[in-house]
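Below is one structure; the comments refer to it alone.
Residue numbers (my numbering): 678 to 784.
Right, dumping it as structure tokens:
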């Protein structure tokens with residue numbers, strides 16, 4: 678299970694990194710929308726990092742924080758998938774679901 682959790686974390690981190698890079702392709706100037714888009718990528722990356730910390734140094738505090746982060750991320754991706762029906766959003770939803778499940782199992 679830890680191997681699948683690790684792979685999911687790395688895939689989530691790469692998704693966030695790809696989101697960061699795509700910001701510069703989609704927006705040619707720094708404006709409010711590009712900053713919001715980039716900040717969403719940072720949220721994905723930080724979500725992946727808290728899961729990595731939870732995997733490597735599990736404690737009751739990191740378990741609780743990670744579980745809270747993963748619940749909010751999963752709910753956000755559910756709303757996002759409902760409103761923006763693109764394949765990459767469904768991939769992110771699957772990753773968020775897996776992170777939520779594995780953060781529960783990792784306790």
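Virtual Cβ for every residue (Gly too), placed ideally from N, Cα, C.
Item	Value
Enumerate in chain order the residues of its own chain whose CB-to-CB distance from residue 686 is below 8 Å, with the five nearest sequence positions on each side excluded.	725, 728, 729, 732 and 776
Just mark residue 747 as buried or exposed, buried being the case when its beta carbon has 16 or more other beta carbons within 10 Å.	buried
How is residue 763 classed by DSSP in three states: helix, strand or coil?	coil
What's the gap between the Cα of residue 774 and the Cα of residue 750?	9 Å
Given this structure, state the Cα-to-Cα distance separating residue 784 from residue 734, to the nearest angstrom.	11 Å
Start and end of the alpha helix (DSSP H) containing residue 728?	709 to 733
Helix, strand or coil for residue 705, going by three-state DSSP, please let me know.	coil
On the three-state DSSP scale, how would you describe residue 679?	helix
I need the DSSP call for residue 741, collapsed to helix, strand or coil.	helix
Where does residue 783 fall in DSSP's three states?	coil
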